[in-house]
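Shown next, in structure tokens, is the structure this report addresses.
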Amino acid sequence: MNPEQLSATIVDALAALVADGAITLPDGVPTQVTVERPRQKGHGDYATNVAMQLAKKAGTNPRAFADLVAERLRASDGISEVEVAGPGFLNVSVEAGAQGQVAADIVAAGSSYGSAGTLAGQKVNLEFVSANPTGPLHLGGTRWAAVGDALARVLEFSGAEVTREYYFNDHGAQIDRFSGSLLAQARGRDVPEDGYGGDYIKEIADQVIAQRPDVLDLSDEDAQEVFRDVGVDLMFEEIKSDLHDFGVDFDVYFHEKSLHDSGAVEKAIARLTEMGNTYTEDGALWLRTEKYGDDKDRVIVRSNGTPAYISGDLGYYLDKRERGFDRCFILLGADHHGYVGRMMAMCAAFGDTPGENLEILIGQMVNLLRDGQPLRMSKRAGTVISMNDLVDAIGVDASRYALARYTNDTTIDIDLDLWAKASNDNPVYYVQYAHARTCRMIGNATDLGMKLPDDFDPSLLAHERDGELLRALAEFPRVVASATDLREPHRIARYLEDTASVFNKWYDTKECRMLPMGDEPVTPTNEARLVLVHATQTVIANGLRLLGVTAPERM
């Protein structure tokens, strides 16, 4: 019996009490109730505060309400005991057989265990990374690559149809500075004061010259256009290649320039004007964002006729919605925090619902430490540390796991010495080693001729450590649901570490041996524990897959 099944059993008990006239619930019987694992041993396998939530509505006190529910639950299949504690908590103990069945359910579900289909039918656009192609991907973009791809996997696992999208900025001042830096390098001049440095500038400039040997014979103006066209493409191809090697591929690469060339911006402005959400003042065209919660109205088109930055946002958002996306997610860096209000106001101005049709997640900075000291520069990337610097130091798996392990609004300090270790101090190694251990155990069982039984007695998983591991495994669907609802894939990483710890304690318990000792015959208990190991392997593999991290069979 897992938490969801127990929740359904409690709902059934409430419905029966209402049907018998024992209680009255004016708002009806809830469709689900919260079931949690108690913090203290001796408080049962699960606990719920449903009595304290519903007693007042039922016109009674929580303790009396809890007594009625407890009496019903004691007669339910799979429940061994129900205790009423404190002001009205219900502590529920599950029969070993009902609890052990969780292992069989997990093995039967396999790679789909943990998915609930709660987002089935929803079409989601997830825009992340979207770094300007003016240099190698920096750590902030790398964090969004790890978190964004993990979030996409979680949303897909929950049933959504997800399109991963990269917004390619090929229109603006930063591209001008990049092409100017390439030109300066090619001409042997100093990099412009506001330009880009680093060895990659020389690498890209040399590649442009190799493709266009005539470029240095052109005027500076014409040469810079060549460096812009060819250099940006070369830089972006490098970024895409680095992301692919990091395990992140996009379905759509959307060019900002296309918004202006296709008329998408004008179309969006016309739509907002039809809705009465624009006005002209001082020769400029304004968007009425203040009435939708922004701190002030925003200029769309300046008095000189040039579009303001937000004009591209208008065209891009409407384009996404017209491509059929129900929900649009955008992952942005910490320097875009002030951007959220105007974007949500823009969403509302189109008649959509902020927080539903449009969600924006903000991520904080990443710092790398070596020997306790922060790293500040990369020879190749100039003044920033790049994705490749991180991957070269600790590998793809450790990089992805470390970046996805924390809440988005937390600044991360990644200790390269720790994350490069092949020891249990390294969180990703700890989790991956637990998976490799399950593989080794299953391999040893196979060598002895053991295999998963067609049927087994789940009540044989009766040891306290068996129960702890089963309850940990049963939590996985709820962790996935929470990560989905809160857009927080880090919850899966922390869950995996906790579950690996529970598994290791189970493994170290002599009474929970899976393999027979010496020449002892294989018993039904050994076979039951083989099912439990397979279930553990399934859960850890599923969790690592959602984070985009490999589940090695040996380490």
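In the working numbering, each number is its position in the sequence shown, counted from 1, plus 100.
Cβ coordinates follow ideal geometry from the N, Cα and C atoms, glycine included.
For Tyr267, the pairing in a beta bridge is given by DSSP as Phe354.
Comparing alpha carbon positions, the residue from Glu627, Gly280, Gly648 and Thr510 closest to Ala204 is Glu627. Of the residues assessed, Gln637 falls on the buried side of the cut-off, its CB having 16 or more other CB atoms within 10 angstroms.
Contact annotation: Thr584 and Leu219 have beta-carbon atoms nearer than 8 Å.
Nearest C-alpha to Ile309 among Gly188, Gly295 and Leu334: Leu334.
Between Ser499 and Ala185, the alpha-carbon positions lie close to 45 Å from each other.
Ala119 sits exposed, since fewer than 16 C-beta atoms from the chains shown fall within 10 Å of its C-beta. Here the segment 356-376 makes contact with the segment 402-421; the two share three or more CB pairs at distances below 8 Å. By the C-beta criterion, the segment 250-261 is judged not to be in contact with the segment 505-525, since fewer than 3 inter-stretch pairs fall below 8 Å. Cβ neighbours of Phe189 within its own chain (closer than 7 Å, five residues either side excluded): Ala147 and Asn149.
Per DSSP, the continuous alpha helix (DSSP H) segment holding Gly248 begins and ends at Leu239 to Phe257.
A residue is called buried once 16 or more other Cβ atoms fall within 10 Å of its Cβ, and Tyr353, having fewer, is exposed. Taken through DSSP and simplified to helix, strand or coil, Val330 comes out as helix.
Here the alpha carbon of Met550 sits roughly 8 Å from the alpha carbon of Val622. Arg163 sits in a helix when the DSSP states are folded into three classes. Closest option to Leu283, judged by alpha-carbon separation, among Leu239, Leu251, Phe268 and Val326: Val326. Our two residues, Arg505 and Ile462, have alpha carbons roughly 15 Å apart in a direct line. Selection Arg163, Glu338 and Leu418 evaluated against Ala368 yields Leu418 as nearest (Cα-Cα). Runs of the beta strand (DSSP E) spanning 3 or more residues and lying entirely within the segment 343-402 occur at 352-355, 378-381, 384-387 and 398-401, in chain order.
Short of 6 Å from the beta carbon of Pro589, and not among the five residues preceding or following it, lie these beta carbons of its own chain, in chain order: Ala250, Leu251, Val254, Ala504 and Ala583.
Excluding its 5 nearest sequence neighbours in each direction, Tyr501 has C-beta neighbours in its own chain below 7 Å: Pro527, Val528, Ala593, Leu647 and Val649, listed in chain order. In the DSSP secondary-structure assignment, Ser478 is bridged to Gly482. Just measuring C-alpha positions, the residue of Leu615, Asp608 and Gln222 sitting nearest Thr546 is Leu615. Annotated as proximal: Ser180 and Val194, with beta-carbon spacing under 8 Å. Counting along the chain, Lys420 sits inside the alpha helix (DSSP H) bounded by residues Tyr409 to Glu422.
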